[in-house]
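Student: This note's numbering puts the first residue of the sequence shown at 117, with every later residue one more than the last.
Glycine residues also receive a C-beta, built at the ideal position from the N, C-alpha and C atoms.
Just passing along the structure, written as structure tokens.
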Amino acid sequence: MAARAYWQGQIRLALVSIPVEIYSATKSGAQIQFHQIHEPSGKRIRYEKVAPGVGAVDPDEIVKGFEYEKGHYVLLDDSEIEAVKLESKKTLELTQFVDADEIDVLYFEKPYYVVPADDLAEEAFIVLREALKRTRKVALGQLTLRGREYIVSLKPCGRGIILETLRYQDEVNKAQGYFRDISDAKPDEELLDLAETLIAKKAAPFKPGEFHNRYVDALKDLIEKKRKAKGGRIEAEPEEEAPKRGGNVVDLMAALKKSLEKPGAKPASARKPAAKKTPAKKTAPAKRRAAG
117 MAARAYWQGQ IRLALVSIPV EIYSATKSGA QIQFHQIHEP SGKRIRYEKV APGVGAVDPD
177 EIVKGFEYEK GHYVLLDDSE IEAVKLESKK TLELTQFVDA DEIDVLYFEK PYYVVPADDL
237 AEEAFIVLRE ALKRTRKVAL GQLTLRGREY IVSLKPCGRG IILETLRYQD EVNKAQGYFR
297 DISDAKPDEE LLDLAETLIA KKAAPFKPGE FHNRYVDALK DLIEKKRKAK GGRIEAEPEE
357 EAPKRGGNVV DLMAALKKSL EKPGAKPASA RKPAAKKTPA KKTAPAKRRA AG
């Protein structure tokens with residue numbers, strides 16, 4: 117395989133050990149990189165590592181230090197840190213199996229491809245993969261990657277297995293602090309019907325190739341305009357006026373209906389008929405409109 121393995125070791129399930137290699141499943145997308153420039157001279161700003169009272173220092177003289185009290189450090193070099201004994205540096209012990217939907221999406225961090233390290237490991241690898249498929253479980257364990265120990269999950273993916281690093285509980289903010297002020301009131305049925313129709317209209321299979329980074333494209337366009345302007349200032353185009361806050365039910369109803377009237381909307385007969393509602397439900401929106 118052309119790519120370089122991100123990690124090499126073994127997956128261990130009870131007394132079974134499976135030599136594997138892990139490869140990053142993602143890569144950085146298109147980005148625009150900026151440098152800091154001294155405007156009067158047009159020269160790029162450079163940074164040096166300096167020590168107070170010493171000045172610039174040789175990178176070979178730099179070690180890691182932990183500040184145990186103000187101004188006092190325990191110094192460690194890379195070899196000492198590397199010598200810390202953690203079994204998870206070379207072995208991924210599968211300690212628990214859970215249903216996939218038991219893990220909140222907030223905990224998932226980054227995916228990796230897991231493949232058998234050689235032909236001898238392939239049989240045990242396939243057994244593990246198929247067992248996970250049949251039981252519909254996700255395997256959990258802990259693994260050290262690049263100086264940090266992660267919780268990781270394993271789940272089958274085609275002929276291989278996907279490993280995903282997970283965040284620890286103290287790395288995830290509790291949702292209650294953000295959602296507690298949101299009302300738990302039930303939405304108006306007619307509004308809900310319109311929203312469901314709009315969702316159905318825009319429903320389609322996920323095709324990631326249809327999405328691209330529009331911000332990067334816009335920056336490239338700006339850079340090209342600036343280059344052609346030979347340093348002249350590029351004036352920003354006026355932005356669309358933001359929608360006003362505090363719109364009432366009448367505004368939301370009108371907005372949903374208008375959205376469905378755009379080209380490509382399904383004919384009215386394909387939408388959910390409002391006639392099924394009871395008279396009491398029909399009069400409620402009318403009262404709110406009169407109040408608005």
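Give the range of the beta strand (DSSP E) segment to which residue 219 is assigned.
Tutor: Premise fails: residue 219 is in no beta strand (DSSP E) and is neither H nor E.
Student: Can you list, in chain order, the residues of its chain whose CB lies under 7 Å from that of residue 332, leaving out five sequence neighbours each side?
Tutor: If we look at residue 332 and ignore the five residues flanking it on each side, its Cβ neighbours are 146, 147, 148.
Student: Taking the beta carbon of residue 339 as the centre, do at least 16 other beta carbons fall within 10 Å, making it buried, or is it exposed?
Tutor: That one is exposed.
Student: For residue 292, which residues does DSSP report across the bridge?
Tutor: None, per the DSSP bridge assignment.
Student: Please name the residue or residues paired with residue 276 in a DSSP beta bridge.
Tutor: BP columns for residue 276 point to 273.
Student: So, helix, strand or coil for residue 267, using DSSP?
Tutor: In this structure, residue 267 counts as strand in the three-state DSSP scheme.
Student: Does the pairing of the segment 278 to 285 with the segment 213 to 231 give three or more beta-carbon distances under 8 Å?
Tutor: Counting Cβ pairs under 8 Å, three or more are found: they touch.
Student: Within 10 Å of its beta-carbon, does residue 144 have 16 or more other beta-carbons around it, so buried, or fewer, so exposed?
Tutor: The residue is exposed, with fewer than 16 neighbouring Cβ atoms inside 10 Å.
Student: Would you call residue 157 buried or exposed, if buried means 16 or more other Cβ atoms sit within 10 Å of its Cβ?
Tutor: Result: exposed.
Student: How is residue 331 classed by DSSP in three states: helix, strand or coil?
Tutor: Residue 331 falls in the helix class under three-state DSSP.
Student: For the structure I just gave you, are there three or more beta carbon pairs, one from the segment 250 to 270 and one from the segment 165 to 179, closer than 8 Å?
Tutor: Taking 8 Å as the limit for Cβ pairs, the verdict is that the segment 165 to 179 does not touch the segment 250 to 270.
Student: Identify which residue in 128, 152, 140 has its Cα closest to the Cα of residue 240.
Tutor: That would be 128, whose Cα lies nearest to the Cα of residue 240.
Student: How many Å lie between residue 134 and residue 285 at the Cα?
Tutor: Roughly 29 Å separates the two Cα atoms.
Student: Tell me whether the beta-carbon of residue 272 lies closer than 7 Å to the beta-carbon of residue 248.
Tutor: Going by C-beta atoms, residue 272 is nearer than 7 Å to residue 248.
Student: Using the beta-carbon count (16 or more within 10 Å), is residue 119 buried or exposed?
Tutor: Result: exposed.
Student: Could you tell me which residues DSSP puts in a beta bridge with residue 231?
Tutor: For residue 231, which the question treats as bridged, DSSP gives the partners 137.
Student: Buried or exposed: where does residue 266 fall if 16 or more other Cβ atoms within 10 Å of its Cβ makes it buried?
Tutor: With 16 or more Cβ atoms within 10 Å of its Cβ, residue 266 is classed as buried.
Student: Determine the closest residue to residue 317 out of 376, 336, 125, with distance taken between C-alpha atoms.
Tutor: The candidate whose alpha carbon is nearest that of residue 317 is 376.
Student: Helix, strand or coil for residue 208, going by three-state DSSP, please let me know.
Tutor: Three-state DSSP puts residue 208 in a strand.
Student: Are the beta-carbon atoms of residue 126 and residue 211 separated by less than 7 Å?
Tutor: Not closer than 7 Å, so no.
Student: Taking the alpha carbon of residue 138 as the reference point, which residue from 234, 303, 343, 305 has its own alpha carbon closest?
Tutor: The shortest Cα separation from residue 138 among 234, 303, 343, 305 belongs to 234.
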